[in-house]
Amino acid sequence: MDQPNNAKSNGRIRVVLNSQKRKTITKGLPDFQVAPKVIPPEHAALKEIEAELGALVGMDEMKKTIKEIYAWIYVNKKREELGLKARKQALHMMFKGNPGTGKTTVARLIGKLFQKMNVLSKGHLIEAERADLVGEYIGHTAQKTRDLVKKAQGGILFIDEAYSLGRGGEKDFGKEAIDTLVKHMEDKQHEFILILAGYSREMDYFLTLNPGLHSRFPLVIDFPDYNIDQLMEIGGKMLVEREYALSHEAEKKLKDHLNWVKAVLSPTSFSNGRYVRNVIEKSIRTQAMRLLMINTYDRHELMTIRSNDLVFDED
């Protein structure tokens with residue numbers, strides 16, 4: 007006869023585990039299996055994109071989301087193969103963040119990944135802004151918007167500063183562009199992917215302009231600003247790609263300047279990675295002029311950006 011689980015003895019509670027029950031518990035353990043960290047070899051598309059994502063500085067949450075989207079699509083296909091319900095979900099996205107935080111770069115990578123997974127037939131990226139969608143007279147905007155959606159078939163339509171479509175009020179043709187996009191998102195939701203991008207606060211307001219907008223963007227990805235160390239890492243990667251390096255004094259000067267400019271400019275005015283790229287490109291031109299004037303072209307000097315080569319517009 008089985009012993010009871012709890013037996014009192016001299017005022018103490020004694021716990022006795024039944025061996026048969028222990029076996030039953032063991033059978034339930036697979037629910038708590040930890041997934042291996044190494045991606046199985048058949049996921050070549052994910053591995054390739056993961057390598058490209060790994061080259062991007064920061065954006066940990068975005069990288070995690072991309073992997074989850076891949077896993078969801080892949081597992082859904084496996085469910086479909088076994089006759090399980092596998093309802094297609096729209097993959098339209100919203101990217102929220104300040105300028106220069108990598109939104110366009112990530113959109114291109116997503117197009118590449120989805121093309122490899124046969125979610126998109128082409129995977130190309132069509133970039134657009136307000137001027138590409140909004141026309142000058144009634145009916146013109148709808149036609150321009152339809153033409154852009156047609157170009158994006160099989161790929162991604164990426165609209166930057168999308169909130170600008172709703173800035174002109176009721177009589178502005180931007181509202182017509184929004185309404186046309188909403189219709190095509192529904193009618194052709196599996197033929198192209200729409201990604202709207204812009205500042206976080208403005209994009210939240212934009213979603214209120216059409217009652218059908220909010221529900222059509224199941225994927226919202228935040229792109230946070232880079233911190234100083236990440237900005238320095240971005241600058242370092244750009245220099246390595248071009249076979250340049252900062253001198254110790256130049257590195258300190260750039261870091262001090264980035265600390266200052268981030269403190270002075272508002273987050274929406276500072277262009278993050280784009281700002282660093284502009285500084286690096288200008289410094290390379292300045293270095294070239296300096297070397298031309300002193301007539302020195304040895305390998306070390308050709309590769310070194312010195313502190314006096316760093317000239318900032320804000321100085």
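In the numbering used here, the protein residues as written are 7 to 321.
All residues carry an ideal CB built from backbone N, CA and C; glycine is no exception.
(1) Could you check the C-alpha separation between K83 and L252 for me, to the nearest Å?
(2) Looking at C-beta atoms only, is the number of pairs between the stretch 246-260 and the stretch 214-231 that lie closer than 8 Å three or more?
(3) In chain order, what are the residue ranges of uninterrupted alpha helix (DSSP H) at least 4 long that sit wholly in the stretch 34-110?
(4) So is Y303 buried or exposed if we call it buried at 16+ other beta carbons inside 10 Å?
(5) Of the choices V246, N233, A203, S289, whose alpha-carbon is the least far from that of K259?
(6) What's the C-alpha gap between Y169 and M209?
(7) Just mark K53 as buried or exposed, buried being the case when its beta carbon has 16 or more other beta carbons within 10 Å.
(8) So A134 and I165 are in contact, right, with Cβ under 8 Å, and what is the actual spacing, rounded?
(9) Got a sec: does the ligand NAP put a non-hydrogen atom nearer than 8 Å to the Cβ of H146?
(10) Since I184 and L171 should fall inside the 8 Å C-beta cutoff, what is the C-beta to C-beta distance between them, to a whole number of angstroms?
(11) CA-CA distance, I286 and S275?
(12) Quick check for students: name the residue ranges of the beta strand (DSSP E) that lie wholly in the stretch 115-175, counting only runs of 3 or more.
(13) Pull up the CB-CB distance for T186 and R152, whole angstroms please, since I reckon it's below 8 Å.
(14) CA-CA distance, N16 and E67?
(15) I need the DSSP call for F229, collapsed to helix, strand or coil.
(16) With 16 as the cutoff for other CB atoms within 10 Å, does T214 come out buried or exposed?
(17) Please tell me whether L131 and L154 are closer than 9 Å, where the distance is taken between their beta carbons.
(18) Please state whether the Cβ-Cβ distance between G103 and Y205 is less than 9 Å.
(19) Distance check for F101 and E167, CA to CA, integer angstroms please.
(20) Within 10 angstroms of its Cβ, does M299 collect 16 or more other Cβ (buried), or is it exposed?
(21) Is the stretch 62-80 close to the stretch 227-239, with three or more CB pairs under 8 Å?
(22) How many angstroms separate the CA atom of G5 from the CA atom of M309?
(23) Closest by CA to L126, which one among L62, A203, N278, K194?
(24) What number of angstroms, rounded off, separates the C-alpha of D262 from the C-alpha of Q95?
(25) Where DSSP assigns a beta bridge to L200, which residues make up the other side?
(26) Can you name the residues that DSSP bridges to T310?
(27) Does the beta-carbon distance from T107 to N265 come in below 9 Å?
(28) Closest to Y76 by CA distance: which of K91, E86, H49 is it?
So, from the listed chains and residues:
(1) K83 and L252 have their alpha carbons spaced roughly 49 Å apart.
(2) No, because fewer than three Cβ pairs between the stretch 246-260 and the stretch 214-231 fall closer than 8 Å, the two stretches do not touch.
(3) List check, alpha helix (DSSP H) in window: 50-60, 66-87.
(4) Looking at its Cβ environment, which holds fewer than 16 other Cβ atoms inside 10 Å, Y303 is exposed.
(5) Nearest Cα to K259 within the set V246, N233, A203, S289: S289.
(6) Cα to Cα, the separation comes out at about 6 Å.
(7) Burial call: exposed.
(8) 5 Å between Cβ atoms; contact.
(9) The model depicted lacks the ligand NAP and carries no ligand whatsoever.
(10) At roughly 5 Å, the Cβ-Cβ gap stays under 8 Å, so I184 and L171 are in contact.
(11) Roughly 19 Å separates the two Cα atoms.
(12) Considered as a whole, the stretch 115-175 harbours 131-134, 162-165 as its complete beta strand (DSSP E) runs of no fewer than 3 residues, in chain order.
(13) Yes, T186 and R152 are in contact; Cβ-Cβ is about 7 Å, under 8 Å.
(14) In this prediction, N16 scores a pLDDT of 48, lower than 50, which makes its location untrustworthy; the coordinate-derived value is nonetheless stated afterwards. A direct Cα-Cα distance of roughly 56 Å separates N16 from E67.
(15) Of the three classes helix, strand and coil, the one that applies to F229 here is strand, per DSSP.
(16) Exposed, by the Cβ-count rule.
(17) If you check the CB distance, L131 and L154 do not come in under 9 Å.
(18) Taking 9 Å as the Cβ cut-off, G103 and Y205 qualify as a contacting pair.
(19) Looking at the two C-alpha atoms, the distance is approximately 10 Å.
(20) The C-beta of M299 has fewer than 16 other C-beta atoms within 10 Å across all chains shown, which makes the residue exposed.
(21) Yes, since at least three Cβ pairs between the stretch 62-80 and the stretch 227-239 fall closer than 8 Å, the two stretches touch.
(22) In this structure the chain extends from 7 to 321, so residue 5 is not present and cannot be described.
(23) The option with the nearest alpha carbon to L126 is K194.
(24) Straight through space, the alpha carbons of Q95 and D262 are spaced by roughly 47 Å.
(25) L200 is bridged by DSSP to L163.
(26) According to DSSP, T310 bridges with A251.
(27) Taking 9 Å as the Cβ cut-off, T107 and N265 do not qualify as a contacting pair.
(28) Nearest option by C-alpha distance: H49.
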